[in-house]
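Mapped onto my numbering, the consecutive letters of the sequence shown carry residue numbers 195 to 623.
Just so you know, even glycine gets a beta-carbon here, dropped at the ideal spot from N, CA and C.
In this text, all values refer to a predicted model and were calculated from it rather than measured experimentally.
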Amino acid sequence: MEKKKILSGSVQEKGGKLYAVIGYTDPITEKRKTKWIGLDLPKGEKKAVVNQALRDAIDRFREQYEKECRGILSPESCSFLDFLHSWLINVKKPNVQKSTYDGYEELINRRIAVFFGDKLTLGDINQVRINEFYASIRADGCKEKTVLEYHNLLHDACGWAVRQEILLSNPFDRVDRPKPKKYSACYYSPEQVQVLMEAAKEERLYIPVILAAYYGLRRSEAVGLMWSDIDFESKRIYIRNKASEVKKDGRLQTVITDEMKTESSKRALPLLPEVEKILLEHREMQEEYRRLYRRDYSKQYLDMVCVDPLGNLIRPNYISERFPKMLKKNGLPRIRFHDLRHSCASMLIAHKAGMKQVQMWMGHSSITTTMDTYGHLDDSAKIELGETMTELLRRNKNTEEQTNEAGRDHKGAALSTASCLQTQSEMDA
């Protein structure tokens, strides 16, 4: 669907030269931009000549601009992959975290690019091709959750195209949304968590394990913890940074940021005595390593808690790689590192913590998330409801029995009175 092309221009001087400065609307982002085009006219040229040169510059720019717009705004002439890359760079990139953007880019550059190729246009995307694409993902042995990731990305992109009137309708609305099975998290018992923490003492991921077990921290939150986030005087620990691995110059790099998963992820928790003792011992060890290795000790992460003996920050991916090996080495059941977060929540619930308290401890954005994830573990609430129902029914039953008893007494009294009256009547006769 063709859109109105809004162009405006003026003449400005820069460095002693005259330029046509053209304002236009970017067809992808719909933001106003400017284009400077030299007029090759000397300063002081006649106004009529300058105005004509401006009109000529605008006409030349308009011709090229409309060609670009047709390429973007016409689904039949716009490459599907080019559209996705433009959408990702111009629409999503300014609004998502770097790690999220990298994930989207990988989805497009790998499986989507391989399947759809560079010849299909945006207008070629239909229900048949989409279902064939989903079938190819499943044929590779991928789980339905992976199919859903691709669906959400492509549905979002084409939904934006609909809002911009590039497409009349979203082709991904015409296919069934993938429905992955709900993940059933694994939990460690308190005894297993104790064994794990003991086993992790000689590992680099000891502190991340402690933070995940006691506080339910996510992997990124544990690695992002700074010494300046821990107030040993007021006994508080503040979760307000995270570490994530992102692509930079073609390489994975660990980046520390205060852009948390949600605003509720930023939270303050009590510094538990057991954790305080472990952290203080860990800080002393860091200082010892710093004295020992001197120049070889990294000065970049002096404020970070989770560093190796040389002061280098522990990579989040290292935790995921090393954790299962540590479990196998110590004969522990296989779980994900993230399942320590679930284990923490399950122990809180088992010890009568309310769902609102669990939500605040875990840093969930809403109580709904907490209930959806851990509601099935809250047996105490179900037991209390069961006891309430039992009491209500018992009370109702007692009331009914008392009413029936009173009714029988009343009926007996009435029968007795009637009998007396009958006897009296016979005697009078």
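Opening and closing residue of the beta strand (DSSP E) in which residue i lies
i: R445; result: 445–451
i: E207; result: 201–208
Bridge partners - residue i, DSSP secondary structure assignment
i: W281; result: W281 pairs with nothing; no bridge assigned.
i: P464; result: R430
i: D318; result: The partner list for D318 (beta bridge, DSSP) is empty, contrary to what the question assumes.
i: D625; result: Outside the shown range of the chain (195 to 623) lies residue 625, about which nothing can therefore be said.
i: T219; result: R226
i: S271; result: S271 is not bridged to any residue.
Host alpha helix (DSSP H) of residue i (start-end)
i: Y344; result: 338–357
i: T456; result: Neither: T456 is in no alpha helix (DSSP H) and is coded neither H nor E.
i: S293; result: 292–301
i: V440; result: Note, V440: premise wrong, no alpha helix (DSSP H); beta strand (DSSP E) at 436–442.
i: P384; result: 384–393
Member of the options whose CA lies at the smallest distance from the CA of residue i
i: W555; options: R589, L463, L212; result: L463
i: A307; options: E397, Y344, S537; result: Y344
i: I424; options: P467, T562, L446; result: P467
i: Q494; options: G203, R412, N506; result: N506
i: G209; options: L235, K227, S273, M520; result: L235
i: P374; options: N346, R509, P384; result: N346
i: M549; options: D566, V205, I283; result: D566
i: S378; options: G317, R530, Q480; result: R530
i: L314; options: E299, R484, D276, K546; result: D276
i: S414; options: H532, T219, H558, L248; result: H532
i: S363; options: Q206, C352, R484; result: C352
i: E260; options: D490, Y487, Q358, L201; result: L201
i: R304; options: H279, S271, K286; result: H279
Chain C contact for residue i (CB, 9 angstroms cutoff)
i: N320; result: Note that chain C does not occur in the displayed structure, where there is just one protein chain.
Euclidean distance between Cα positions of residue i and residue j
i: V322; j: Y328; result: 10 angstroms
i: R461; j: A416; result: 13 angstroms
i: S458; j: I561; result: 11 angstroms
i: A355; j: D253; result: 28 angstroms
i: K337; j: I216; result: 51 angstroms
i: K227; j: E239; result: 27 angstroms
i: L474; j: A437; result: 22 angstroms
i: S330; j: G311; result: 14 angstroms
i: Y409; j: A539; result: 9 angstroms
i: I302; j: D296; result: 10 angstroms
i: G557; j: K376; result: 21 angstroms
i: L419; j: L496; result: 12 angstroms
i: W421; j: R368; result: 52 angstroms
i: R332; j: I324; result: 13 angstroms
Rounded distance between the beta-carbons of residue j and residue i, thought under 8 angstroms
i: L390; j: L526; result: 6 angstroms
i: E453; j: Q291; result: 5 angstroms
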